[in-house]
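Taking it in order: structure first as structure tokens, then the write-up.
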Amino acid sequence: MPDTLLFLLIVVPFLAALGCLLLRQEQLRSLIIIGTGGLLTLCALMLMASTPFSAAPKSILGISVSMLIQAADFFLLGVIGYYGYKHRNLLIQGLAVLQFVLLACFETFMVAPGKEYATFYGDTLSLVMVLVICIVGSLICIHAIPYMKEHEHHLQLEGSKQPRFFAIMVLFLGAMNGLVLTNDLSFFYFFFELTTICSFLLIGHDQTEIAETNAVRALWMNALGGAALLVGIMWIYSKTGTMDMQAIISAGPKAALLLPLALLCFAGFTKAAQAPFQSWLLGAMVAPTPTSALLHSSTMVKAGVYLVIRFAPAFAGTFLSLGVALAGAFTFLAMAVLAMGQSNGKKILAYSTVSNLGLIMACAGINTKAAITAAILLIIFHALTKALLFLCVGTIEQRIGSRDIEDMRGLLTAMPWTAVILVAGILTMILPPFGMLLGKWVAIESSSQQLFVIVMLALGSAVTVAYWARWAGQIMSVSSLGAREPELQPMLTRGPLAALLGGAVLLSALWPWVYNRVAGPGPGLANPASAAVMGFMIVVIGSGFLWAVNAMRQARTARMTRPYLCGAPENVEGTYVGPINQDMPVILGNAYFTSLVTEDRLTCWVNMGAGLMLVLMIGGAL
Amino acid sequence: MPVSVIKDFIEKSRLKSPWLVHFDCGSCNGCDIEVLACLTPLYDVERFGILNIGNPKHADMLLVTGTVNHRNKKVLKNLYDQMPHPKVVLALGACGTSGGVFREAYNVVGGVDKVIPVDVYVPGCAVKPEAIIDGVVTALGRLAEKRAEASASAKE
Amino acid sequence: MKSLFLALIGMAVAPVVGGLVSGLDRILTARCQSRKGPPLIQPFYDAAKLWGKEVTATNPWQAFCAVMYLVAAAASVGLLCAGSDLLLIFFVQAVGAVFLVMGAYAVPSPYSQIGAQRELLQMVAYEPLIILTIVGIRLMTGSFRVDAVFALDQPLLFKLPLLFLVLGYALTIKLRKSPFDISACHHAHQEIVRGVYTEFSGPYLALIEIAHWYEVILVLGLVSLFWATSIAGMILLVAATYAAEILVDNVSSRMTWRWMLGSVWLSGLVLSGINLVWLYAR
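Going line by line, the protein sequences match chains A, B and C.
For the first sequence, position 352 matches number 339 in our numbering, and the numbering has no gaps at all.
For the second sequence, position 65 matches number 66 in our numbering, and the numbering has no gaps at all.
For the third sequence, position 1 matches number 70 in our numbering, and the numbering has no gaps at all.
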């Protein structure tokens, strides 16, 4: 059974990608995407029944798996080198050549056939990742169908580039599934590089100048991570003589392995866009929104945190672990502060992604069982909510032509349905009884023994609430007396949004069950949000919610007054009668603290601080 | 029984907690200074639960000083409309009650009652703080009367 | 079952006590200014009057936010009385704070919007301090739960003196006292009309007043944890702290958000850092 599921989860997306490329007909492509999404979701759910499992498929469609992966490794490095050459980037070329040489040496001289082991392995962590990738990723791909149609309509292209776009999107899901299910370091390296290439192609999809610059930046940063990963893998192999990840992890912390593990963590930090590598993820927002949604929520950056969480037991209790926690917590705080100074909605989302991944990294670094559980739960809820928020912003941007949150002021009038979904999404990000906050709660409780980590988490979480609440507040900022028009949207746009929000709310309500399922049995794992506490919160806040909805309905019949402007008369809505009887517009704006949080200047300091943290982290492994 | 107790308490509270908003329509500031003097320790109107709240949306009483002119009559009307019922209006000083010495001026509409209904007129130039406090207490009587009339008409 | 019962009692009694404390506050403040001040039950007159006023609104969403603010404030007091997790209590009160801000944002009036932004800055200032205080309590008791505090045989104040000061900072902001009353003043004077409260009127303002009473009780409850070994000690500590808050309110002027954020983060972090280092070093 696992073998079949593995085939469906990893290989079918590759075939579907091929289908998207070859069958250039729109309806057919939509059908392939929806079908693949449904199949992946189904397989992921079925995988729940058979975890934990291990499997060692020897061949696929008659070709030896390890041969195939080896060949594909060199091909991928060739592709990276080609793009480095095409964009005249010496760094990428150098990294590609370096990895090519290293890999060639490694494969020819070092790797000796050892004893058999499972090349694929699934436990709770992989299962959670597969579920997130398949369900959230598929929903994003489905939302992309109407989005990309509108996007290309807007760009007025000569020929459609959608086949290529969707092929890479679906391929990405397959690569991620492979990455989280494999138990072989060389396979892991292949899938890791594959996600790098996919993200590079997606970021540069629109082929504008800025898109290409940002794509190249993403490529070199991630190639750097890939090189670190390869060196780490070679090092680990030379010390242990095995590529079996479970064998390495279950052996527990070993002093000799710390430095290669630090390199692996470094690779995870580049992939997860942790400071000082956040710039590639920030640049990625030039791509069409589904790309950002995919990169930020269910794939790519989650591969980075997955890598660190996966290997966390192998460095538990060491200084490296503390280094990871400090670097993660620092990223959490610094990115939250940077988000405070932004008015670009997508940039706020991007900074918040990096910030939340920092929190997950910090949990992995604290490295107790409760902290790891918190990290996994944060992955689930972050993926759901962040995908939702990105898709909302993309939908809004196509309608109002701006991604600036100042332009979303009073969005409730123009797009009532999407506005409510967006506000609800933001609230699931910061308030109890929703999963993100409960995860943060467990994280703070388990980090109470680390002074610096807890101080940074405390500061960061306050700032986080502020920048989200500001955005949610002004979306509802409306004084219009006129009737609102109902909002029309394609089903494929609206469905994924509703599904993502519903998923986040439902899983939050099921928190005690989800927690136990993820944490598994074990001591020291008392869930602070127990069923009793959650029950109290759901009953009180839930009934409060019903009362509030009722109050809102009654308020619709109340006498409507105008906003208080010192009684200044108002002839036209949104203006007041000023000097010489002119209608002066009422212009409201948020403070973005530009004197304190200047992005350029602060980023420079943050990168320096984060660089020091990385040196601390890797140096601690010496 | 408890419902009527609560209702009675609410009716009593209306007289125990008059919150004021003070609007200067174009006074010479003589009356305004006297209004603020009511807050000082000498007069201490907070004894009666009176607060100068400065916001029509929270206020029960509108205190208007100065003559109404063509420019600020709309502002006065707006402020009055933004106050939730039940509410009362006090016109303070010679200017507020009638337009005072400016009533014949080309730009002047006249007293406050030309624009909004006035419940209590407090004369003086400038009004004395004692007179203002007396006016507020009289206005509370008016408020009670208004409530009684309203409940009587509701019963019919 | 017992904790549920305690939570319900707390949620029922808290607004009464909170209203009386607010009344006492007004009298004491008046006495500080050599005035007589209103009757003790003046806050109840105010709330009842507001409840009886006409319902007016600019945006129906305001009603939603006002109700959620009250519910969250009541729930946090309930959790405190039930002896629940301190961080949970803190997070639930943050729900109320966020909805108050959203309600103020709901109306495009400059006064309430500036108030909302200042309120957010106040949250940024006090939230880390409260979390750090809770972490200090955790290090003393070995648990995040309120009932663990009552199991100690020595008042927390002796081991967490600096964190108590830090909590005092946070509470001054939370109680809307000078010099930190920048988003809306507890008293009826403010340079931006009534800040976050500006656009709420009638019954909605009454709900917000009651929610504020709950918050006063929550704040005083947190203070009382620092002398949890005896009832007399609790009352004495709460009374002394509140009196100090009133004194600070009357002798200081309103400051800017910049000053607030700078001073609160700097002094708060230094003080709590020192106190936490003592605890870690034990």
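Glycine is no exception: its CB is placed at the ideal position from the N, C-alpha and C atoms.
Remember, it's a predicted structure, so these values are computed and weren't measured experimentally.
Nearest neighbour of A/Ala301 by Cα position, chosen from A/Ala323, A/Leu248 and A/Ser279, turns out to be A/Leu248. Taking C/Val86 as reference, the option from C/Leu287, C/Tyr238, C/Asn319 and C/Trp326 with the minimal CA-CA separation is C/Leu287.
Annotation: B/Gly97 to A/Pro420 spans about 55 Å, alpha carbon to alpha carbon. In this model, C/Val292 and C/Asn319 are separated by some 21 Å (Cα to Cα).
Distance check between A/Arg549 and each of C/Ser270, C/Gln223, C/Gly165 and C/Leu155 places C/Ser270 closest, using alpha-carbon atoms only. DSSP places C/His256 in the coil class of the three-state scheme, outside both helix and strand. The closest CA to that of B/Gly100, considering only B/Cys26, B/Ile7 and B/Ser14, is found on B/Cys26. Taking C-beta separations shorter than 7 Å and ignoring five residues to either side along the sequence, the partners of A/Met604 in its chain run Ala249, Cys252, Leu307, Gly310, Val311 and Ala314, following chain order. The way I'd put it, the stretch 54 to 73 of chain B does touch the stretch 102 to 114 of chain B; three or more beta-carbon pairs between them come closer than 8 Å. Boundaries of the alpha helix (DSSP H) harbouring A/Trp592: Glu586 to Gly606, taken from the DSSP string.
Look at the stretch 152 to 177 of chain C: the residues with a C-beta under 9 Å from a C-beta of chain A are Ser153, Asp154, Leu156, Leu157, Phe160, Val161, Ala163, Val164, Ala166, Val167, Phe168, Val170, Met171, Gly172, Ala173, Tyr174, Ala175, Val176 and Pro177. Taking CB atoms only, A/Glu196 has no neighbour in chain C less than 8 Å away.
At the C-beta level, C/Pro224 and C/Met324 stay beyond 8 Å of one another.
With a cutoff of 8 Å on beta-carbon distance, A/Ser435 and C/Leu208 are scored as near each other.
Spanning the alpha carbons of B/Leu63 and B/Val22 requires a straight line of approximately 5 Å.
Here DSSP, grouped into helix, strand and coil, assigns C/Ala135 to helix.
Only residues of its own chain outside the window of five on either side were considered, and among them Ala406 and Ile462 have a CB closer than 6 Å to the CB of A/Leu398, listed in chain order.
Taking a C-beta cut-off of 7 Å against chain B, the contacting residues of the stretch 83 to 117 of chain C are Ala99, Gln102, Ser103, Arg104, Lys105, Gly106, Pro107, Gln111, Tyr114, Asp115 and Ala117, listed in chain order.
Residue state for A/Val465 is assigned as coil, using DSSP reduced to three classes. A/Phe175 has its alpha-carbon roughly 8 Å from the corresponding atom of A/Gly165. Identification of chain B residues near C/Val320 by a Cβ-Cβ cut-off of 7 Å yields none; the smallest Cβ-Cβ distance measures about 17 Å. At a cut-off of 8 Å, the C-beta of B/Asn53 has no neighbouring C-beta in chain A. Annotation for B/Val90: the continuous beta strand (DSSP E) segment containing it runs Val89 to Leu93. Judged by DSSP secondary structure, A/Leu575 falls outside any beta strand (DSSP E); it is assigned neither H nor E. For B/Asn79, there are no CB contacts under 6 Å within the same chain when 5 residues up- and downstream are skipped. C/Ser153 sits close to C/Arg214, with the two beta carbons spaced by under 8 Å. Taking C/Leu75 as the centre and dropping the five residues before and after it, the same chain places the C-beta of Cys150 and Ala151 closer than 6 Å to its C-beta, in chain order. Residues of chain C whose Cβ lies closer than 7 Å to the Cβ of A/Ser308 do not exist; the shortest such Cβ separation is about 18 Å.
For C/Ser270, the chain B residues whose C-beta falls within less than 8 Å of its own C-beta are Lys58, His59 and Pro85, listed in chain order. Interface residue (Cβ-Cβ distance to chain B less than 8 Å): A/Gly554 is classified as such. With a beta-carbon spacing of about 7 Å, A/Leu336 and A/His283 fall inside the 8 Å limit used to define contacts. Put simply, the CB of C/Lys246 is far from chain B, with every gap to its CB atoms at 8 Å or more.
Rounded to the nearest angstrom, the gap between the Cα atoms of A/Ala518 and A/Cys92 is 55 Å. Membership of C/Trp296 in any beta strand (DSSP E) is not indicated, and neither H nor E is assigned to it by DSSP.
Contacts with chain A at 8 Å (Cβ-Cβ) do not include B/Leu63.
For B/Asn79, the residues of chain A that pass the 7 Å Cβ criterion are Gly554 and Pro556, in the order they occur in the chain.
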